[in-house]
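Listed in order, the protein sequences are those of chains A and B. According to the numbering used here, the first sequence holds residues 1 to 508 in order. According to the numbering used here, the second sequence holds residues 1001 to 1085 in order. All C-beta atoms, glycine included, are put in the ideal place defined by N, C-alpha and C. None of the values given here were measured: they were computed from a predicted structure. Contents: one structure, followed by commentary.
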Amino acid sequence: MEFRNVESVAIIGAGVAGLATAKTLLASGLSCTIFERAERLGGVWADGYSNFGVQVQKELYEFPDWPLPDDTPNFTPGPIFQKYLEAYVDRFGVRPCLRLGAKIVGLRRRGDTGWTVEIEQNGGRTQEEFDLVAIATGLYSETPNMPEFPGQREFQGDVLHISQLKTRAPLENQRVAVIGYGKSATDAAMEAAAVAKETHLVFRDVHWPVPRNLAGILPFKWGMLSRMTGALIPPYVRPDPVARGLHGIGKPLVWIFWRLVELLLYVQLGLGTKIANGKNLVPSKPVDIDCFGESTMSPRPGLYKLIRQGRITAHRTEIANFTHDGIVLRDGDTLTVDRVVFGTGWKSDFGFLPDEAVEVLGAEDDGFYLYRHMLHPDLPNLVFVGRAATFASVLTYSLQARWLAEAIAGRIALPGRVAMLAEISRLKDWKRAWMPFSAARGARLLLHMLHYHDELLRDFGANPLRKRGILAPLKELLVPYQPSDYRSIVAGDWESTEGRVAATGEAN
Amino acid sequence: MMTAFLWAGGALGAILGLIHGFYLFRRQAARNAHRGAILGTAIGLYYGVWAFALWALFGAYLLGFWILGCAGYAISRLRPARRGA
């Protein structure tokens, strides 16, 4: 497979992935147009729920070649991050490519390679032709995920999705039930606890949370984003001999490492706390598997304290049905509430894709799978950027954009159709063999982000070992990877200083 | 007894370190070959020596954790722990 005759590119979505793609491809001399249905750029950062923000340390969530200003607060608040994206667009000359308020309503193949894009803007519809389409709409930005329960229509209070909760005002002096256990649900519960009369948090199962600081001292990146931890998680799709050995004869070492991590989290966060009906907050899956599930989150400090204090009443069960004044839970409890807030996430929706493309992608319950999380060989000149969930997604999307620019320039030897399909199939089998089910499992990488980044860099001949200095080998083992390690790669000037290595096809 | 264990762990670590170090040496030397044969080999050697040293230094600790892990892992397989409820 190869990209053919690419000069003009349509990018769908002006979030982090879309902007990184436009910046990188513009620098490669391509003509880009970004279509964004909202009136503001930023994607999920354009407009979020009350008090929304980045859930990882600021140095993990920034463009490698455009660091956040020094005075940016840690765990960057959403509105500040949106301004940072505006500055990025101006700094790299991306603004002229932006078409805000332009919604893509259809895509049609044009000949062997190009695409005709149908755009809805200002009440009218137009069509434009492009050589390549980059879909950068993200994983969760499209449709709120709102489950339906029996009796919901008879409920006389309000049912809201977290995305509708722009301020705390609707929760003031109300009895509130928040449904879910992910980042947005726990954020909503904390917002409610600050102003509501009563706050309930209802969740089916709990997951291991990632505290901002391990043992209250060490930023979590030290425990999660180093190569040492990368070697201890379930081996990547094509593990190297070291990982194979570690997960073979060395399995007891891996096992005891994760049990110690569980013990640390249990003690630090007080997960043994008794909640409603004598249950507790200890997850049912081992942490090394659970952390690849749908609801991996780093809660705001204070969540577990509020639960212990009883200011948030936690219920580990499901909703059975609504009544006119509340909800009935499966464990037999009945909650009388005025507001029910669903913190149940978002669904991705590619409604603009033609039926034949949807068929080719073969989406199942756990999403669809792509070569390098970006390409399908039967959809030439169509690429997904941003369909890879990691802990440093700005970095991941920036590297995907670099990979795309290198592929378009013909500097990556892409495999043929059969080999690419085999690779997709291998990825699918690998994930399904151990990764917990989630609607976006096809796109989830999380702690495997390092291995994925290595793969992208090796494809275009860059050395994946990015640590520098006399202690580089030790840093490779222990020091967490973050965007600044990839500055020269994303900026595109790595080749002059490092040289291009012949692709070897080696494992991690 | 403790001294013997430390020696045994260190020796085992050194063996594993040699294997890992050689593997890293080959890979890093190949990755840095474009910098010239001597520099590429030197970089590869540097990574290899680090791997060897770390394994040898911490071999006894790793052996200790490995033995504890064997016991814990075996127990957990025989009697799966009841996790959260």
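A residue is called buried when at least 16 other Cβ atoms come within 10 angstroms of its Cβ; residue 1038 of chain B does not meet this threshold and is exposed.
For residue 160 of chain A, the beta-bridge partners assigned by DSSP are A:341.
Apart from sequence neighbours up to five positions away, the residues of its chain that approach residue 398 of chain A with a beta-carbon distance below 8 Å are 20, 24, 63, 64, 65, 483, 486 and 490, ordered along the chain.
Residue 137 of chain A sits in coil when the DSSP states are folded into three classes, being neither helix nor strand. The Cβ of residue 1044 of chain B sits no closer than 8 Å to any Cβ of chain A. Annotated three-state conformation of residue 1020 of chain B is helix, per DSSP.
Residue pairing for residue 371 of chain A: DSSP places it in a beta bridge opposite A:375. Counting of Cβ neighbours within 10 angstroms places residue 344 of chain A among the buried residues, the total reaching 16 or more.
Nearest in C-alpha terms to residue 455 of chain A, of all of A:475, A:423, A:17 and A:214, is A:423. Within the same chain, and ignoring the five residues on either side of residue 210 of chain A in sequence, the residues whose Cβ sits closer than 6 Å to its Cβ are 220 and 298.
Note that the stretch 199-209 of chain A does not touch the stretch 364-375 of chain A; fewer than 3 beta-carbon pairs, one per stretch, sit closer than 8 Å.
Taking a beta-carbon distance threshold of 8 Å, residue 153 of chain A does not count as an interface residue toward chain B. Using a Cβ distance threshold of 8 Å, residue 41 of chain A and residue 14 of chain A count as a contacting pair. Along the stretch 1025-1038 of chain B, going in chain order, the ones with a CB nearer than 9 Å to a CB of chain A are 1027, 1028, 1030, 1031, 1032, 1033, 1034 and 1035.
Fully contained in the stretch 436-484 of chain A are the following alpha helix (DSSP H) runs of length 4 or more, in chain order: 449-459 and 472-478. Bridge pairing for residue 327 of chain A: A:322 and A:335 [DSSP]. For residue 1066 of chain B, the nearest beta carbon of chain A is closer than 8 Å to its own beta carbon. Collapsing the DSSP output to three states places residue 274 of chain A in coil. Within 10 angstroms of the beta-carbon of residue 163 of chain A lie 16 or more other beta-carbons, which makes it buried. Here residue 207 of chain A carries a coil assignment [DSSP, helix/strand/coil]. If you ignore the 5 residues before and after residue 1048 of chain B, its C-beta comes within less than 7 Å of the C-beta of 1021, 1022, 1024 and 1025, all in its own chain and listed in chain order. The beta carbon of residue 195 of chain A lies closer than 6 Å to those of 168, 171 and 172 in the same chain, with the five residues before and after it left out. At a C-beta separation below 8 Å, residue 1062 of chain B has these neighbours in chain A: 253.
Using a Cβ-Cβ cut-off of 8 Å, residue 256 of chain A counts as an interface residue toward chain B, since at least one Cβ of chain B sits closer than that to its own. Rounded to whole angstroms, the gap between the alpha carbons of residue 189 of chain A and residue 197 of chain A is 12 Å. Secondary structure of residue 183 of chain A (DSSP, three-state): helix. Residue pairing from DSSP leaves residue 267 of chain A without any beta-bridge partner.
Taking the Cα positions, residue 102 of chain A is about 13 Å away from residue 137 of chain A. One alpha carbon belongs to residue 272 of chain A, the other to residue 94 of chain A, and they sit about 50 Å apart. For residue 126 of chain A, the closest of A:187, A:116, A:347 and A:354 by C-alpha to C-alpha distance is A:116. DSSP links residue 63 of chain A through a beta bridge to A:66. Judged by DSSP in its simplified three-state form, residue 55 of chain A adopts coil rather than helix or strand.
Within the model, the alpha-carbon separation for residue 1012 of chain B versus residue 420 of chain A is close to 41 Å. When DSSP assignments are scanned along the stretch 220-251 of chain A, the uninterrupted stretches of alpha helix (DSSP H) that are 4 or more residues long and fall wholly within it turn out to be 221-224, 227-232 and 241-246. Pairing residue 310 of chain A with residue 283 of chain A, the inter-Cα distance amounts to about 20 Å. In this structure, the beta-carbon distance from residue 35 of chain A to residue 135 of chain A does not fall below 8 Å.
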